[in-house]
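Structure record follows, encoded as structure tokens.
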Amino acid sequence: MAIYGQTLVALTVGLPVVSGLASLVLPGKTIRSVLVSVTALVLIGSSVSLLGISEFTYNPGHIYETAVLVLDFALLFYFLYVGMKSKSLPVIGLSLLQLVPVAYFEFVLHGVKVENILLVDRLSVFLVLIVNVVGSVVVVYALSYMEEHEHHLQLKESRQGRFFFFMLLLLGAMNGMVYSNSLYWLYFFWEITSLCCYELIRHDGTAEANTNAVTALWMALIGGVAFIGTMFVGYYTVGSIALTKIMTAQLTPILLVGFAFLALAAFSKSAQFPFHSWLLGAMVAPTPVSALLHSSTMVNAGIYLILRIAPALKGTYLSLVIAAVGAVTFTLTAILAIRQKVSKRVLAFSTIGNLGLIIMCAGINTSLSYTAAVILLFFHSISKGLLFMGAGVVENRINSRNIEDWEGLIGKLPFTTTVMLVGMATMFLPPFGMLLGKWVAVDAIISTPLAFALPIIILICIGSAATTFFWGKWLGYLTVTPMTAQKQVKETLPTPYRFAMMGLLAVSIVFSAGAPYIINNFVNPLIGEAYKLSVTSTLMEVNTGIGSFLVGPFWIATVAMVLLGVMITKKKGGVIVPAYLGGENVPEKPLMFFTTADGEAEASVSTVMLQSEIDEASLNKFAVIIGVLLIIVMFLVEVI
Amino acid sequence: MALNTSTIISIVFLAAMPFLGGILMGVDRRLTARMQNRMGPPLIQPFYDVLKLWAKEPYIANNIQPLMAFMYLGFAMLAASFVAFQLDLLLMLFTTALADICLIVAAFSAKSPYSYIGGRREFLVMLSYEPVLLLVEIAISLVTGTFIIKGIRAYETPLLLLLPAAYVVMQVVLVVEMKKSPFDVSGSAHAHQELVRGVYTEFSGYTMALVEVGHWVKVVTMLAIVGLFWAPNPFIGTALALALFVGAILIDNVYPRLSWQRMLKTTWTIGFGLVIVNLLALSFGGVI
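Here the protein sequences come in this chain order: A and B.
Just so we're aligned, residue 310 is where the first sequence starts under my numbering, counting upward by one.
Just so we're aligned, residue 19 is where the second sequence starts under my numbering, counting upward by one.
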């Protein structure tokens, strides 16, 4: 049994790295396709198999420890080199701030020794499942996307080998990270994800890509520095840098500072205020990169870290500050998302906001709120992966990122648009999983003391209304059906696109309908390790003790209603007539009307952005200021 | 599911909700007429209207629109069933939002500038009343400790005594929900000069009938929530709900329409302000 588990661990970390290296050296489209597809299948298979494993700890041995050490220094020197090459003071400074202390820590203090380097428990297994299922689908999707992308850029020589190397390496590093019990290993894998992120963002090599990649890198390096802070705290207070030891130690103010460092690292990775700009800049990369960063990897690293340490912080002020950062981020990004014109920017703001919601739930730190956080994390990964993949296809088809050009897309790209419509619905409407998570979150908030809950309640009320607004208007805009496009269009899509989008769509719907099953079998066991269980779920119902979500009946009613609706409206039918345009319609041209001077004019509509009501520049400034202030409070609160 | 008395009552109540809504609309038209020194139509005029609409020759804007009109009614009924079967109040709110989205998608899909602008404004209407209603529901569950309507009804003290400000806020929510002046920016019972009938412009015949009945159901659902403010005695609860209903009609006839910016400011300041003060008072009083 132990060997079986260790093999799966080795497979999920090692295989992506090996296939990544292979894709780097082996030329040719076919080999790459086979390689990536097989890797994806094996990764999905092993992550599902891991679900059956009971908790175990594991020490991979000396060779690996030395390898991690060597590679870590190589990585830090590379970051230093990047900093010098791009003349970025923050990167240079933050690399040095890691190099020197790490060298001291290793060679002077000999502090990196940990007995159980790896720990596989319910939380890590759950994360591995998300990373590999959603991640693998995105990587397969990228096979088609990169072909189109390079065709579009008219590259002479394919750079896909490099691209897939970093994509797969990112998956491997994420897996390694969630297994790590040693803070040093955790830090090492963390830095590798930063590296992959940097390389993937600058993949296209444009000036903008390079600038944004460097921004993303220095923000990620703040996280690295913070990790080292925690390692020193762990070494001097507990005498170990094993997470299990630090988590179970008596909480002292110094140790809390150590945890605050980890929270800071998590904020930088999960793009919480004031670090949100890197994730917005990251969209210059090819879309599969965004799909991967936003859904299952990178940003989830921060969430994972918060979820990992939250149980140790129950009832501390630190935990409350973490919740506040998340809540503020959630509400402000929802408002900012309303005014965005670029499709991927809307998605990016939505990601940052939802991560904020998850972090808020983890910070509230009750059994119920932790459950909400895990549910949200799970369904957000699936839906966001789906939405980015859809957005990428649309972008390649209509050559525009502006959602104003998406009007009436349902007539032009029926398949992809349907995927996008359902994907959007899964983000904010019942009976889908994200809404279930939000619903649990509200129940969790009201069961906390009012003095703390009230500001959060106000933020959530406003944030969730704004969320409905920005998703709803986009969703509605896609369904505008110009009469001119009445004839049915057949959409041709390469197989990987179809497979990836259909796959995640099915997963998202089936898991939403089966949410009680997911909660019973995957979420509750994970909660049970740290909290008393608070959510009971039967096949039909999720019950929080405060409310009850009848998942089964809701789905049955919805499906029955759609069927009945189709039947009745089909039977009633009707003649399609031109819209009322306030004047006489021009015959044969359904969207034209006669003006008073007898000329013909076209009626056109645009979507609502509230551009003049929402001032993005000052809101952004406010976000940075409040983010910095909250982080200062987060460190000061320990002293009080 | 065993068919016991309370289940039967719930089913009957759910089935009666559209009819209640229709009669209330009739009352609305009569009252409004009297306030304007007119006679007004018979009480069951709304039913004549809907039956006639249903029988009319069908003209539609596109193939999405009729289905969405049906889903609007369907999800309004689903939201109503949460009230009828005394289930989760929070989920009821989310389901109402789902119904609204269906209406807006139907309006958007027609690509008429009027229905499109109406749809955009309907979003702003949602933005102005949804967070306020959510806050009221949260306030209710902070007091009673549950979101399940059955549990809220079992709470011994009438909620009006503890949450009087939230009751006042429900008046604002109801005016918005009934699409009455001053908050009828997205479309009302009568035509606007600049908007024709806003979000309703492109509906006709049976699609209009569906949307109309959906609206009735939503109004009755909202009134049923107001009734929770005096749950121990359903008659007083009903009286409280009807008081707000008449209040909404009165306000409609007294105030001119506001721009959406002022609508948002009004609902948010009144809504958030009053409920927060109410909750703080309860907190200092040691109730929650």
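Note that beta-carbon positions come from the ideal geometry of N, C-alpha and C, so glycine has one too.
All values derive from a computational prediction rather than experimental measurement.
According to the neighbour-count rule (16 or more other Cβ atoms, all chains shown, within 10 Å of its Cβ), is residue i buried or exposed?
i        : result
Leu153/B : buried
Glu500/A : buried
Leu298/B : exposed
Asn521/A : buried
Ala451/A : buried
Gly532/A : buried
Pro740/A : buried
Lys930/A : exposed
Gly936/A : buried
His460/A : exposed
Asp924/A : exposed
Pro325/A : buried
Gly611/A : buried
Arg47/B  : buried
Met483/A : buried
Lys9/B   : Only positions 19 to 306 of chain B appear in the structure, and residue 9/B is not among them; the question remains open.
Cβ of residue i within 7 Å of Cβ of residue j?
i        : j        : result
Ala525/A : Ala591/A : yes
Val608/A : Val832/A : no
Arg139/B : Pro200/B : no
Leu359/A : Val437/A : yes
Ile828/A : Phe820/A : no
Ala63/B  : Gly40/B  : The sequence given here places Gln at residue 63/B; Ala does not occur at that position. For Gln63/B and Gly40/B, no; Cβs fall outside 7 Å.
Gly291/B : Met870/A : no
Glu800/A : Leu730/A : no
Ala633/A : Phe779/A : no
Leu241/B : Ala261/B : no
Val447/A : Pro597/A : yes
Val593/A : Glu517/A : yes
Leu738/A : Thr726/A : no
Ile82/B  : Ser133/B : no
Val851/A : Pro887/A : no
Ala115/B : Thr777/A : yes
Phe639/A : Gly662/A : yes
Val231/B : Pro36/B  : yes
Met698/A : Met849/A : no
Ser301/B : Leu759/A : yes
Ala636/A : Leu768/A : yes
Ala774/A : Pro620/A : no
Ser690/A : Ser605/A : yes
Rank the options by C-alpha distance to the C-alpha of residue i and give the top, closest one.
i        : options                                   : result
Ala34/B  : Phe247/B, Trp234/B, Lys70/B and Phe290/B  : Trp234/B
Asn271/B : Ala157/B, Ala257/B and Ala207/B           : Ala207/B
Glu424/A : Ala753/A, His371/A and Ala866/A           : His371/A
Phe475/A : Arg511/A, Ile353/A and Trp494/A           : Arg511/A
Trp72/B  : Pro84/B, Asn80/B and Ala266/B             : Pro84/B
Leu479/A : Val440/A, Leu408/A, Ser433/A and Val655/A : Val440/A
Asp907/A : Ile426/A, Glu893/A and Lys841/A           : Glu893/A
Ile631/A : Val942/A, Val357/A and Phe497/A           : Val942/A
Asn257/A : His458/A, Phe584/A, Phe902/A and Leu938/A : Nothing in the structure corresponds to residue 257/A, since chain A is present only between 310 and 949.
Ala317/B : Val417/A, Tyr454/A and Gly781/A           : Nothing about residue 317/B can be reported from this structure: the residues present for chain B run from 19 to 306 only.
Ile156/B : Val751/A, Val334/A, Phe902/A and Glu911/A : Val751/A
How about residue i: is its Cβ closer than 6 Å to a heavy atom in the ligand SAM?
i        : result
Ala774/A : Only the bare structure without any ligand can be found here, which leaves the ligand SAM out of the picture.
For this session: Pull out every residue of the stretch 751 to 772 of chain A whose Cβ sits closer than 9 Å to any Cβ of chain B, in chain order.
Result: Along the stretch 751 to 772 of chain A, the positions whose C-beta sits under 9 Å from a C-beta of chain B are Val751, Asp752, Ile754, Ile755, Ser756, Leu759, Ala760, Ala762, Leu763, Ile766, Ile767, Ile769, Cys770, Ile771 and Gly772, read in chain order.
For this session: Output, in sequence order along the chain, the residues in the stretch 241 to 259 of chain B whose CB is closer than 9 Å to any CB in chain A.
Result: Residues passing the 9 Å Cβ filter: none.
For this session: May I have a chain-ordered list of the beta strand (DSSP E) segments no shorter than 3 residues that lie completely inside the stretch 883 to 911 of chain A?
Result: Listed in chain order, the complete beta strand (DSSP E) runs (minimum 3 residues) inside the stretch 883 to 911 of chain A are 901 to 903 and 909 to 911.
For this session: Closer than 7 Å, Cβ to Cβ, to anything on chain A: give me those residues from the stretch 132 to 161 of chain B, in chain order.
Result: Taking 7 Å as the Cβ-Cβ cut-off against chain A, the residues of the stretch 132 to 161 of chain B that qualify are Tyr132, Tyr134, Gly137, Arg138, Phe141, Met144, Leu145, Glu148, Pro149, Leu152, Leu153, Ile156, Ser159 and Leu160.
Exercise. Given a limit of 8 Å on CB to CB distance, which residues of the stretch 166 to 194 of chain B reach chain A?
Worked result: Of all residues in the stretch 166 to 194 of chain B, Ile166 have a Cβ within less than 8 Å of some Cβ in chain A.
Exercise. Of the residues that make up the stretch 874 to 904 of chain A, which ones have a beta carbon closer than 8 Å to any beta carbon in chain B?
Worked result: Answer set for the stretch 874 to 904 of chain A: Gly874, Val875, Ile877, Thr878, Lys881, Gly882, Gly883, Val884, Ile885, Val886, Ala888, Tyr889, Leu890, Gly891 and Leu900.
Problem set entry | Within 7 Å of chain A by C-beta, residues of the stretch 62 to 80 of chain B in sequence order | Correct list: Pro76, Tyr77, Ile78, Ala79 and Asn80.
For this session: Give, in chain order, every residue of the stretch 577 to 593 of chain A whose Cβ lies closer than 9 Å to some Cβ of chain B.
Result: For the stretch 577 to 593 of chain A, there are no residues whose beta carbon sits under 9 Å from a beta carbon of chain B.
Exercise. The stretch 203 to 222 of chain B: which residues have C-beta closer than 8 Å to a C-beta of chain A, in chain order?
Worked result: Cβ contacts with chain A: Val214, Thr219 and Glu220.
Exercise. Taking any Cβ of chain A, which residues in the stretch 86 to 119 of chain B have a Cβ under 7 Å from it, in chain order?
Worked result: Cβ contacts with chain A come from Phe88, Met89, Gly92, Leu96, Leu105, Asp106, Leu108, Leu109, Phe112, Thr113, Ala115, Leu116 and Ile119.
Exercise. Closer than 7 Å, Cβ to any Cβ of chain B: which residues of the stretch 347 to 365 of chain A, in chain order?
Worked result: Interface annotation for the stretch 347 to 365 of chain A against chain B: empty, criterion Cβ-Cβ distance under 7 Å.
For this session: Residues of the stretch 737 to 748 of chain A with a CB closer than 7 Å to any CB of chain B: list them in chain order, please.
Result: Per Cβ criterion, the list reads Leu738, Pro739, Leu744 and Trp748.
For this session: Can you give me, in chain order, the residues of the stretch 854 to 873 of chain A that have a beta carbon less than 8 Å from any beta carbon in chain B?
Result: The residues in question are Ile855, Gly856, Ser857, Phe858, Leu859, Phe863, Ala866, Thr867, Met870, Val871 and Leu873.
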